[in-house]
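First up is the structure itself, then whatever we jot down about it.
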Ligand SMILES: Nc1ncnc2c1ncn2[C@@H]1O[C@H](COP(=O)(O)OP(=O)(O)OP(=O)(O)O)[C@@H](O)[C@H]1O
Ligand SMILES: [Mg+2]
């Protein structure tokens, strides 16, 4: 459980605060998504939360205790996966994964099993400097969780991964959360956030523009309707049916019984569209 | 727990230094320098008989030769160069390596991964010092094997290793402290070059002691100057036992200052600007 209250952070000499009055809490075992365009302040927020930047205004509590009161035991409990892979190029994948383990006084996962789980088994003894971008990304992700942290910070964990590997990573994140790990996920990827997060916060110019579960946001900001494409007499026609009014639903049922249906689309909003509505700008 | 953590970090730093060829460079330098001294520097005393002739001629004229340091014995050029070869690595190279190790990890951003572990600045700096210390001791041993000191006792060799250890630790710490504010190797190069030039001002003073007088006496406060004469004292019959306490005093103070600086800058500066 990590709680952030009224957090404001300004870089030295900056005209305005980069993070402004941000409050949220991520309960144990939940996945909390921080979404926002480039420059919104996501990384800055994360850096304050992992004590890389000083806490200026506001409060952060981990397990009920203020962050400032926690020393090394905080870092023993935290795992961080960085957006840009930072590995020792001359050490093998396995060595990179295990080289800092001796600093933790706790049980850890089996490195070989982790490497194999993300398809790095064959490359385990190859220098990390020779890894592809996606391989490095996977290794950094594994390094963040090998020491079994209770609080996991992930920055774009699936960027640059092929869909199949991304799916494996997502499943590992879900498994960790299910076993009680609190996950703070920073991303631009709305689909990823939608699939993983229990709660998402849209960060816009440093403050939270909206915060709720992805489903609640999509319902609140989307249109409850269905678009039906039919081919009638060789011509393609489109019709939109609302899901609220009973007569619209009856018309939809009728349309579905008629022949020539080519496609059906739910017009429920995507998180991306919600973001656009909430902030008036697109993600980049 | 902290000891176990230090061992594991040390093991990591040793592998990094080994694969980064720092051991190879150090030992190759030692072999080349000591080899050159062995081959080119005369191992016999030159000019001693000339001095005797001069004294005799002087006495014949009715003059009297006063020996300023009667206990001092002449050293061969070879023996006199060995301390210089040892100091070169320990003080100048060790100084560079400390900074280079730190800046490489800054550039790779692996420091950020370390920063979010329970490691801490003290452990980080200690491990770097120990790796450089090991390299310095191996280098010194190699030099002493290639150019064996005539008649130096086991105690004297142990003393040399002690002087080297103290000098190496101080210089690694100095290198880390100096490198801490810099982003990369290229910007660190100039201050490091200036610092090693200052440190090597002790070389002319060692070769010709008069260099360190007449307004240049600050040279005598350099750890290099003290180390040169301390090593010279230990390896040969230098007859200036007084320099050993001087060396211990200056390096002890230097060690405390550089350790405090290196730790403080690493904790407050390096560890804060990563990620
Ligand atoms: N060290 C720094 N000093 C001054 N300003 C900074 C510093 N780091 C970031 N900023 C500024 O703070 C703002 C937020 O940056 P931040 O890195 O938190 O954004 P982000 O949301 O993580 O973006 P991205 O998605 O591109 O990673 C930007 O305007 C950036 O210029
Ligand atoms: Mg960022």
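Residue numbers (the working numbering), protein chains in the order written: chain A, 1 to 284; chain B, 1001 to 1275.
The beta-carbon is built from N, C-alpha and C at its ideal position, and this holds for glycine as well.
For residue i, collect the residues of the same chain with a Cβ closer than 7 Å to its Cβ; drop the 5 residues on either side in sequence, then sort them by chain order.
i, result
"residue 126 of chain A", "92 and 93"
"residue 243 of chain A", "224, 225, 226 and 249"
"residue 176 of chain A", "145, 152 and 183"
"residue 197 of chain A", "31, 32, 33, 185 and 214"
"residue 1227 of chain B", "1087, 1091, 1163, 1167 and 1247"
Our contact map puts residue i next to residue j with C-beta atoms below 8 Å; I'd like the distance itself, whole angstroms only.
i, j, result
"residue 145 of chain A", "residue 152 of chain A", "6 Å"
"residue 1026 of chain B", "residue 1135 of chain B", "5 Å"
"residue 31 of chain A", "residue 208 of chain A", "That belief does not hold up - the Cβ atoms of residue 31 of chain A and residue 208 of chain A are roughly 17 Å apart, past 8 Å."
"residue 26 of chain A", "residue 2 of chain A", "5 Å"
"residue 140 of chain A", "residue 87 of chain A", "7 Å"
"residue 1097 of chain B", "residue 1175 of chain B", "7 Å"
"residue 29 of chain A", "residue 200 of chain A", "Not a contact, Cβ separation roughly 16 Å."
"residue 1199 of chain B", "residue 1172 of chain B", "Residue 1199 of chain B to residue 1172 of chain B, Cβ: 13 Å. No contact."
"residue 43 of chain A", "residue 158 of chain A", "Between residue 158 of chain A and residue 43 of chain A the Cβ distance is about 17 Å, and since that is not below 8 Å, they are no contact."
"residue 1160 of chain B", "residue 1231 of chain B", "6 Å"
"residue 83 of chain A", "residue 156 of chain A", "5 Å"
"residue 965 of chain B", "residue 1139 of chain B", "This structure does not reach residue 965 of chain B, given that chain B is present from 1001 up to 1275, and the question cannot be answered."
"residue 211 of chain A", "residue 74 of chain A", "Between residue 74 of chain A and residue 211 of chain A the Cβ distance is about 25 Å, and since that is not below 8 Å, they are no contact."
In the DSSP assignment, find the unbroken alpha helix (DSSP H) run with residue i in it and report its ends.
i, result
"residue 1175 of chain B", "1154-1179"
"residue 1272 of chain B", "Looking at the DSSP string, residue 1272 of chain B is not in any alpha helix (DSSP H), and its letter there is neither H nor E."
"residue 1110 of chain B", "1110-1115"
"residue 273 of chain A", "271-279"
"residue 1080 of chain B", "1077-1087"
"residue 255 of chain A", "246-257"
"residue 1191 of chain B", "1185-1199"
"residue 1229 of chain B", "1223-1235"
"residue 1220 of chain B", "Note, residue 1220 of chain B: premise wrong, no alpha helix (DSSP H); not H, not E."
"residue 1118 of chain B", "Where residue 1118 of chain B is concerned, there is no enclosing alpha helix (DSSP H), given that its DSSP letter is neither H nor E."
"residue 1205 of chain B", "1202-1207"
"residue 221 of chain A", "214-221"
"residue 116 of chain A", "111-117"
Can you list, in chain order, the residues of its chain with a C-beta nearer than 6 Å to that of residue i? Leave out the 5 residues immediately preceding and following it.
i, result
"residue 76 of chain A", "104"
"residue 1188 of chain B", "1099, 1103, 1179 and 1182"
"residue 1261 of chain B", "1177"
"residue 221 of chain A", "269, 274 and 277"
"residue 1152 of chain B", "1235"
"residue 230 of chain A", "237, 260 and 261"
"residue 133 of chain A", "160"
"residue 78 of chain A", "149 and 151"
"residue 143 of chain A", "97"
"residue 1141 of chain B", "none"
"residue 109 of chain A", "146"
"residue 57 of chain A", "8"
"residue 239 of chain A", "228"
State the start and end residues of the unbroken beta strand (DSSP E) segment that holds residue i.
i, result
"residue 240 of chain A", "235-242"
"residue 1122 of chain B", "Looking at the DSSP string, residue 1122 of chain B is not in any beta strand (DSSP E); the run it does join, the alpha helix (DSSP H), is 1121-1146."
"residue 227 of chain A", "225-232"
"residue 5 of chain A", "2-9"
"residue 104 of chain A", "First-last for residue 104 of chain A: undefined, no H or E at that position."
"residue 266 of chain A", "261-266"
Who are the Cβ neighbours of residue i in its own chain at under 8 Å, not counting the five residues just before and after it?
i, result
"residue 1005 of chain B", "1118, 1119 and 1123"
"residue 1270 of chain B", "1102, 1106, 1111, 1121 and 1180"
"residue 1010 of chain B", "1127, 1130 and 1131"
"residue 112 of chain A", "94, 121 and 124"
"residue 1255 of chain B", "1166, 1169, 1170 and 1173"
"residue 1192 of chain B", "1095, 1096, 1099, 1175, 1178 and 1179"
"residue 40 of chain A", "203, 204, 205 and 206"
"residue 1008 of chain B", "none"
"residue 267 of chain A", "222, 223, 224, 225, 226, 227 and 240"
Against chain E, does residue i count as a neighbour if the rule is that its beta carbon must be under 8 Å from one of theirs?
i, result
"residue 102 of chain A", "Structure shown: chain E not included; protein chains present are A and B."
Point to revise | Unbroken stretches of the alpha helix (DSSP H), 4 residues or longer, contained in the segment 1017-1046 of chain B | key: Here the runs fully enclosed are 1022-1040.
Check your understanding: Should the segment 248-267 of chain A be called in touch with the segment 187-204 of chain A, which here means at least 3 C-beta pairs below 8 Å?
Key -> Note that the segment 248-267 of chain A does not touch the segment 187-204 of chain A; fewer than 3 beta-carbon pairs, one per stretch, sit closer than 8 Å.
Review point. Of all the beta strand (DSSP E) runs that stay within the bounds of the segment 123-206 of chain A, which reach a length of 3 or more residues?
Key: Qualifying beta strand (DSSP E) stretches, in chain order: 151-155, 182-187 and 199-204.
Point to revise | contact_flag[the segment 47-54 of chain A, the segment 6-26 of chain A] where n(CB pairs < 8 Å) is 3 or more | key: By the Cβ rule, the segment 47-54 of chain A counts as touching the segment 6-26 of chain A, because three or more pairs are nearer than 8 Å.
Check your understanding: Quick one: any contact between the segment 1079-1089 of chain B and the segment 1031-1042 of chain B, if contact means 3 or more CB pairs under 8 Å?
Key -> With three or more CB-CB distances shorter than 8 Å, the segment 1079-1089 of chain B counts as touching the segment 1031-1042 of chain B.
Exercise for review: Report yes or no: do the segment 196-215 of chain A and the segment 16-25 of chain A share at least 3 C-beta pairs separated by less than 8 Å?
Suggested key: As far as the Cβ criterion goes, the segment 196-215 of chain A touches the segment 16-25 of chain A, which means the pair count is three or higher.
Review point. Can you give, in chain order, each stretch of the alpha helix (DSSP H) that sits fully within the segment 12-97 of chain A and has at least 4 residues?
Key: Within the segment 12-97 of chain A, the runs of alpha helix (DSSP H) at least 4 residues long that lie entirely inside it are, in chain order, 42-49 and 72-76.
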